[in-house]
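Have a look at the structure below, then the notes.
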Amino acid sequence: MRRTNKRFPPKKFYTTNHNITADKLRVIDAEGKQIGILSKDEALKKAQEQEVDLILIATQAVPPVAKIIDLKKFLYQEEKKQKEAKKGVKKSTTKDIKLSLFIATADYERLSHKGQEFLASGNQLRVNLTLKGREMGKRDMGISLVNKFIASLGDVTVSKEPRLEGRVIRTVVSRKK
1 MRRTNKRFPP
11 KKFYTTNHNI
21 TADKLRVIDA
31 EGKQIGILSK
41 DEALKKAQEQ
51 EVDLILIATQ
61 AVPPVAKIID
71 LKKFLYQEEK
81 KQKEAKKGVK
91 KSTTKDIKLS
101 LFIATADYER
111 LSHKGQEFLA
121 SGNQLRVNLT
131 LKGREMGKRD
141 MGISLVNKFI
151 ASLGDVTVSK
161 EPRLEGRVIR
171 TVVSRKK
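Those letters in the sequence shown? Residues 1 to 177, per full-length UniProt numbering, in order.
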């Protein structure tokens, strides 16, 4: 079995020049202007005149789309586009806050403030309240404490309602969009 490295995903390979099998191609020049639908031989001739490559871009289109451009320049532009696309995407992370059933007022306020900071920075917030020993008999009190904590966060969306999972009452909240 072949393993792939997540850091360096496999590169996309393009069919170029004489390896193109389609008879008719929709040809685009280096500036992005459409030349028209040409036969493979005519397109190759135009590419050779300009001393660049004919690269098949869209194989699924009818007829397939090819671009007349230098292969190294094209690959550089594609890599640049991918890096630019990665810059715009911010990964949303989930931050955890742990409560206890008999939490002190100062600790509760501190955690509430910290939760508001996490939400303001665009993160999701997972609230966990662990019940220990005889606290298992006070599940309703724990759920009401979690609901009170959610209300103290302000205007949020609850993506997972507070419920008991084993000995932990869990909920997930995020900022309202």
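Every residue gets a Cβ at the ideal spot worked out from N, C-alpha and C, and that includes glycine. Quick caveat, the model's predicted, so the values are computed rather than measured.
Top-ranked residue by Cα proximity to residue i, from the options
i    : options                   : result
V52  : D29, A58, G122 and N128   : D29
L56  : Q50, L44 and E49          : L44
T171 : A120, D96 and D140        : D96
K67  : K81, K40 and G137         : K40
P64  : T16, S159, L101 and K46   : T16
F74  : E42, V146 and K12         : K12
Q50  : I69, H18, L164 and D140   : I69
K177 : L164, I20 and S159        : S159
N147 : E31, E135, I169 and G137  : I169
H18  : K33, G32 and E42          : E42
T100 : K138, E161, R175 and T157 : Checking the displayed sequence, the identity of residue 100 turns out to be Ser instead of Thr. Out of K138, E161, R175 and T157, K138 has the C-alpha closest to the C-alpha of S100.
V173 : R167, T157 and G166       : T157
I150 : R134, H113, G133 and G166 : H113
K72  : Y14, E117, R134 and E31   : Y14
Terminal residues of the alpha helix (DSSP H) in which residue i lies
i    : result
T105 : T105 to A120
K87  : L71 to G88
A47  : K40 to E49
D140 : R139 to S152
Length of the line joining the Cα atoms of residue i and residue j
i           : j    : result
D37         : L119 : Looking at the sequence shown, residue 37 is not Asp but Ile. Straight-line Cα distance between these residues: approximately 53 Å.
residue 189 : D23  : Lying outside 1 to 177, the shown extent of the chain, residue 189 is not represented and no answer is given.
A58         : L25  : 10 Å
G122        : V27  : 44 Å
G154        : R163 : 20 Å
L54         : A47  : 6 Å
R110        : A85  : 37 Å
E135        : S152 : 23 Å
G32         : T21  : 22 Å
K98         : D140 : 17 Å
E161        : Q60  : 45 Å
Residue i - containing beta strand (DSSP E), residue span
i    : result
D53  : D53 to A58
S171 : Residue 171 is actually Thr in this sequence, not Ser. Here the beta strand (DSSP E) through T171 covers V168 to R175.
N19  : N19 -> no beta strand (DSSP E), and no H or E assigned at all.
R26  : K24 to I28
V127 : Q124 to T130
V62  : Where V62 is concerned, there is no enclosing beta strand (DSSP E), given that its DSSP letter is neither H nor E.
E165 : V156 to E165
L99  : T94 to S100
State whether the stretch 127-135 contacts the stretch 75-92, with contact taken as three or more CB pairs (one from each stretch) at a distance under 8 Å. no
**Prompt:** Counting pairs of Cβ atoms below 8 Å between the stretch 71-89 and the stretch 103-122, do you hit three or more?
**Reply:** The way I'd put it, the stretch 71-89 doesn't touch the stretch 103-122; fewer than three beta-carbon pairs between them come closer than 8 Å.
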